[in-house]
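Below: the structure, in structure tokens.
In the working numbering, the protein residues as written are 4 to 401.
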């Protein structure tokens, strides 16, 4: 459903610094801090829904929001009580509900003829090294499967399981890995998605988790100074997006607590985003492959759009593709870092290219990248980013 919520009502609901993201907390008991945030959020949500008492659809949606808060909190509590499997099961059920009203899913693959499939999205990756020598593109990819012991624990990660992490700016990438390219030896490459589904044989989707409450406020007040983290104003004014955001805010908030002590071996702030990564991985492998999204056109006689439509029209089946699901999110390294751009994470499929190439066979077809450059060879991070962006020699790692 789409709620009839005015611009002023929506802004009033979220124009509250206690709801702003990322969250800073005292580092004591995480599930209590999360519960306090959810209670405050629900108090504000209740004000809106009180105006619609007796309207069944509104009351059902109101209950769904409350249930989402309860499920996410219960998932954290179960994990901290030593039941990680129960925590995942609880979040898994919550995600089924949330995905019925998705905030925003970006479909990055296309197979329609006659349209421009060039993607203006430029993504970057930085990597710290201990020497100065030429490296090939594979050095900038995810950790190889045969080096799982080197995979660090981070906010959006699965223990010992490689994923590919990218950012929309090099400055953000450096913030995330805590390096200073003026002093450290840092490599950088630019990545671009292979949007042709025929080239990648992969249906690529990205789930949006990168919207903060203050984006709606700053956009309306013309105070948005986040030049590196730009969101389409039309999306922020979209009633469907706003309706979904009321439901998705608890999940985004639970993923967006700044870590209080980065030296501790365990971070309670990472519980929900790490469980969410397991959910993404499960979604990628649930069916193994997905139907072509253009099959509706095929079945309606638009077979010119899909070369994979079977000759037997009674079957109405299209070729199936590998699935790749990513998440777009803002950094929680610090409040400053949260405005430097967007992060993207793509979990691997678990299947290597070959015995000698221990990189994901799906990701390796989905991304082209430039040869890595040493950032200290440039006078600034921005110069390095500009040079990488002008480099048209993007290739697959194999």
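From the three backbone atoms N, C-alpha and C, an ideal C-beta is built for every residue, glycine too.
For residue i, the nearest candidate out of the options (CA to CA)
i: residue 378; options: 137, 350 and 38; result: 137
i: residue 251; options: 39, 58 and 73; result: 73
i: residue 19; options: 40, 193, 239 and 123; result: 40
i: residue 100; options: 170, 67, 287 and 78; result: 67
i: residue 392; options: 343, 133 and 123; result: 123
Local Cβ density within 10 Å of residue i, reported as buried at 16 or more and exposed below that
i: residue 9; result: exposed
i: residue 197; result: buried
i: residue 351; result: buried
i: residue 365; result: buried
i: residue 395; result: exposed
i: residue 140; result: buried
i: residue 258; result: buried
i: residue 334; result: buried
i: residue 269; result: exposed
i: residue 156; result: exposed
i: residue 289; result: exposed
i: residue 348; result: buried
Rounded C-alpha distance that separates residue i from residue j
i: residue 403; j: residue 262; result: Past the edges of the chain, shown from 4 to 401, lies residue 403, and the structure says nothing about it.
i: residue 380; j: residue 390; result: 11 Å
i: residue 385; j: residue 173; result: 8 Å
i: residue 202; j: residue 188; result: 34 Å
i: residue 113; j: residue 35; result: 45 Å
i: residue 46; j: residue 15; result: 13 Å
i: residue 103; j: residue 242; result: 16 Å
i: residue 331; j: residue 149; result: 27 Å
i: residue 353; j: residue 323; result: 19 Å
i: residue 168; j: residue 181; result: 14 Å
i: residue 71; j: residue 399; result: 40 Å
i: residue 306; j: residue 217; result: Unreliable placement is indicated for residue 306, whose pLDDT of 36 sits below 50; the coordinate value is still reported in the next sentence. Using only the alpha carbons, I get a separation of about 44 Å.
i: residue 192; j: residue 372; result: 6 Å
i: residue 153; j: residue 131; result: 14 Å
i: residue 13; j: residue 245; result: 8 Å
i: residue 62; j: residue 55; result: 8 Å
i: residue 285; j: residue 382; result: 44 Å
Cβ distance (whole Å) where residue i is taken to contact residue j below 8 Å
i: residue 4; j: residue 44; result: About 20 Å; that fails the 8 Å criterion.
i: residue 214; j: residue 248; result: 7 Å
i: residue 125; j: residue 195; result: 7 Å
i: residue 338; j: residue 25; result: 6 Å
i: residue 94; j: residue 279; result: 7 Å
i: residue 358; j: residue 127; result: Not quite, the Cβ-Cβ distance comes to about 30 Å (not below 8 Å), so this is no contact.
Below-7 Å beta-carbon distance, residue i vs any chain B residue
i: residue 56; result: Looking for chain B here will not work: only one protein chain is present.
Are three or more beta carbon pairs between the segment 273 to 289 and the segment 87 to 102 nearer than 8 Å? yes
Is the segment 204 to 215 touching the segment 90 to 110, taking contact as three or more C-beta pairs under 8 Å? yes
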